[in-house]
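So the structure is just underneath, and the comments pick up after that.
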Amino acid sequence: MKEITIGTEYIALGQFLKLSDCIDSGGQAKPFLQENEVRINGEVDNRRGRKLYAGDIVEVEGFGAFTVARRS
1302 MKEITIGTEY
1312 IALGQFLKLS
1322 DCIDSGGQAK
1332 PFLQENEVRI
1342 NGEVDNRRGR
1352 KLYAGDIVEV
1362 EGFGAFTVAR
1372 RS
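Using this note's numbering, you'd call the opening residue of the sequence shown number 1302 and step up by one each time.
Okay, here's the thing in structure tokens:
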């Protein structure tokens, strides 16, 4: 499982997908989420604005699993 570190309290799912190299730009988030299954803590979610917090586990179809960590 890859760890993605954020410096803020939360990160939006669309921004997370870019940071984790699943997409190249934020504009690709909506079509990507329509075509690929993303699970957050085991539940399917396709809202690009979904807030992710430290400790959340994100599974992206075709890319693997990631955990969100907060920079200390």
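Glycine included, every Cβ here is placed at the ideal spot set by N, Cα and C. Every value quoted in this text rests on a predicted model; they were computed, and no experiment measured them.
Check	Outcome
Alpha-carbon spacing of residue 1303 relative to residue 1336, whole angstroms	22 Å
Spatially closest choice to residue 1328 from 1309, 1316, 1308, by CA coordinates	1316
Which residues DSSP lists as bridging residue 1365, in chain order	1361
Residues of its chain near residue 1367, where Cβ-Cβ distance is below 6 Å and the 5 sequence neighbours each way are ignored	1303, 1305, 1321, 1359
Close Cβ partners of residue 1349 (< 7 Å) along its chain, the five nearest in sequence each way excluded	1313, 1314, 1315, 1330, 1331, 1334
Cβ-Cβ distance between residue 1369 and residue 1307 below 8 Å	yes
Paired residues, beta bridge with residue 1307 - DSSP	1371
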